[in-house]
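Peer 1:
In mature numbering (1 follows the signal peptide of the UniProt record, and there is no 0), the protein residues as written are -20 to -1, 1 to 230.
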């Protein structure tokens, strides 16, 4: 989902797959798109995941990560207890102690949830939002976003080999990549596909699939349509209709 969001802006929080913004980075440094690397190059997926892992560590270093004993971490562990190795995917869940109502997932399975999101809704809706985020990972939206960033941004010119492997990135480049990943804007198709994934995930776990629908409604009622999870994405009406359609097919 999309990112940067103050609690007030968040209504859109549900576009989360990169739905939040890290204030530690200057948005004016947003990367200029360059065509220094041939678009035809396809990056090795394992290489992208490794780079995503490094970017996640960079983000962790820029944010206050809740300790495992912190009530927020304990709550998140309970919410995500049945998600380890879900659909063959391994995840690393952590809480950022920050007021943003947001969450994001990276191609390597790193999932970060802001305490502001945990404060904004009950467990079942938090699980729905997380399901949406990992839907971006499952459908490789996160991988494709990072691949595009590495291949087209002038900031990363020269780090990708002709063979599709990624060279060593500087700390500054990792920071830029982390910022771009968290704030990545997915297509409406990707967002709707991830909503559907969340509905199916909830159902498969024996949870109420309507939680995805309620999560969007909660964010909209509390923060309006300007939130990061909801902004610049399919209209809430369209998303709710798509979610209802997915539920009807269960």
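Just so you know, even glycine gets a beta-carbon here, dropped at the ideal spot from N, CA and C. Predicted model only: the values in this text are computed from it and were never measured.
Out of 40, 44, 88, state which residue places its alpha-carbon closest to the alpha-carbon of residue 27.
Peer 2: 88
Peer 1: So residue 92 is in the beta strand (DSSP E); what residue range does that whole segment cover?
Peer 2: Segment 90 to 94, the beta strand (DSSP E) holding residue 92.
Peer 1: Using 8 Å as the threshold, is the C-beta distance between residue 72 and residue 91 below it?
Peer 2: yes
Peer 1: Let's test the definition: count the other Cβ atoms within 10 Å of the Cβ of residue 175 and tell me whether it reaches 16, buried, or not, exposed.
Peer 2: buried
Peer 1: To test your reading of the DSSP string, which unbroken alpha helix (DSSP H) runs of 4 or more residues are found completely within the stretch 46 to 113?
Peer 2: Taking only runs of at least 4 residues, the alpha helix (DSSP H) segments lying wholly in the stretch 46 to 113 are 51 to 59, 95 to 100.
Peer 1: Rounding to the nearest angstrom, what Cα-Cα distance links residue 75 and residue 85 in this structure?
Peer 2: 12 Å
Peer 1: Cβ atoms of residue 69 and residue 162: under 8 Å apart, would you say?
Peer 2: Cβ distance not < 8 Å, so residue 162 and residue 69 don't count as in contact.
Peer 1: Using a 10 Å radius around the Cβ and a threshold of 16 neighbouring Cβ atoms, would you call residue 36 buried or exposed?
Peer 2: So residue 36 counts as buried.
Peer 1: I believe residue 53 touches residue 78 by the beta-carbon criterion, under 8 Å. Please report the beta-carbon distance rounded to the nearest angstrom.
Peer 2: That pair is no contact at about 14 Å.
Peer 1: Exposed or buried, residue 43, counting other C-beta atoms within 10 Å across all chains shown (16 or more means buried)?
Peer 2: buried
Peer 1: What are the start and end residues of each continuous alpha helix (DSSP H) run of 4 or more residues lying completely inside the stretch 146 to 205, in chain order?
Peer 2: 151 to 162, 168 to 184, 190 to 203
Peer 1: Examine the Cβ distances between the stretch 112 to 131 and the stretch 166 to 183 and report whether three or more of them are shorter than 8 Å.
Peer 2: yes
Peer 1: Compute the Euclidean distance between the alpha carbons of residue 98 and residue 81, then round it to the nearest angstrom.
Peer 2: 8 Å
Peer 1: Given a threshold of 16 other Cβ atoms within 10 Å of its Cβ, counted over all protein chains shown, does residue 100 qualify as buried or as exposed?
Peer 2: That one is buried.
Peer 1: Between the alpha carbons of residue 223 and residue 193, how many angstroms are there, rounded?
Peer 2: 7 Å
Peer 1: If you run the structure through DSSP and keep just helix, strand and coil, what is residue 215?
Peer 2: Here residue 215 sits in coil by DSSP.
Peer 1: Roughly how many whole angstroms lie between the Cα atoms of residue 48 and residue 188?
Peer 2: 27 Å
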